[in-house]
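Written below as structure tokens is the structure these notes are about.
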């Protein structure tokens with residue numbers, strides 16, 4: 002089973018499949034993180050606190066525009082313009098996978114340390130999850146962009 006999975010991940014794949022893999026790396030975890038954030042916020046605050054929503058929006062803008070958008074743009078453009086045969090792993094560069102792993106580890110540490118403060122976790126996770134999901138959708142949109150000009 003493991004060798005079959007590794008063979009699939011390392012064998013040459015069409016660009017569209019690589020872009021779909023890149024989409025799934027951001028979109029589905031983003032939706033899950035956003036769901037955890039919503040659960041934590043509604044457990045304590047509900048949606049009545051405008052400060053919580055404003056802070057979640059600030060986190061969303063920070064991650065979506067400043068951090069993740071260039072990350073997704075750089076990788077999706079690289080995949081779209083690559084002419085050599087490539088595997089699913091090429092959706093991101095090796096250093097980007099290290100960043101993803103570090104973000105997951107940091108999220109687990111923060112969630113463990115701040116487990117008693119669900120509003121803080123929920124606010125941050127709501128914004129971060131929405132940013133990940135939006136950038137996953139951006140990655141998906143690259144399927145509909147002409148690979149040579151990057152124009153719609």
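Residue numbers (my numbering): 2 to 153. All C-beta atoms in this analysis are idealised placements derived from N, C-alpha and C, irrespective of residue type, glycine included. Small disclaimer: the values here were computed from a predicted structure and weren't measured.
- Exposure of residue 102 is indicated by the presence of fewer than 16 other C-beta atoms within 10 angstroms of its C-beta.
- Judged by beta-carbon spacing, residue 42 lies within the 8 Å limit of residue 123, meaning their Cβ atoms are closer than that value.
- Every unbroken stretch of the alpha helix (DSSP H) spanning 4 or more residues and falling wholly within the region 22-68 is given here in chain order: 51-62.
- When beta bridges are read from the DSSP output, residue 87 appears opposite 14.
- The Cβ atoms of residue 127 and residue 9 lie no closer than 8 Å to each other.
- At a cut-off of 3 residues, not a single continuous stretch assigned as beta strand (DSSP E) sits fully inside the region 91-134.
- Rounded to the nearest whole angstrom, the CA to CA distance from residue 37 to residue 51 is 19 Å.
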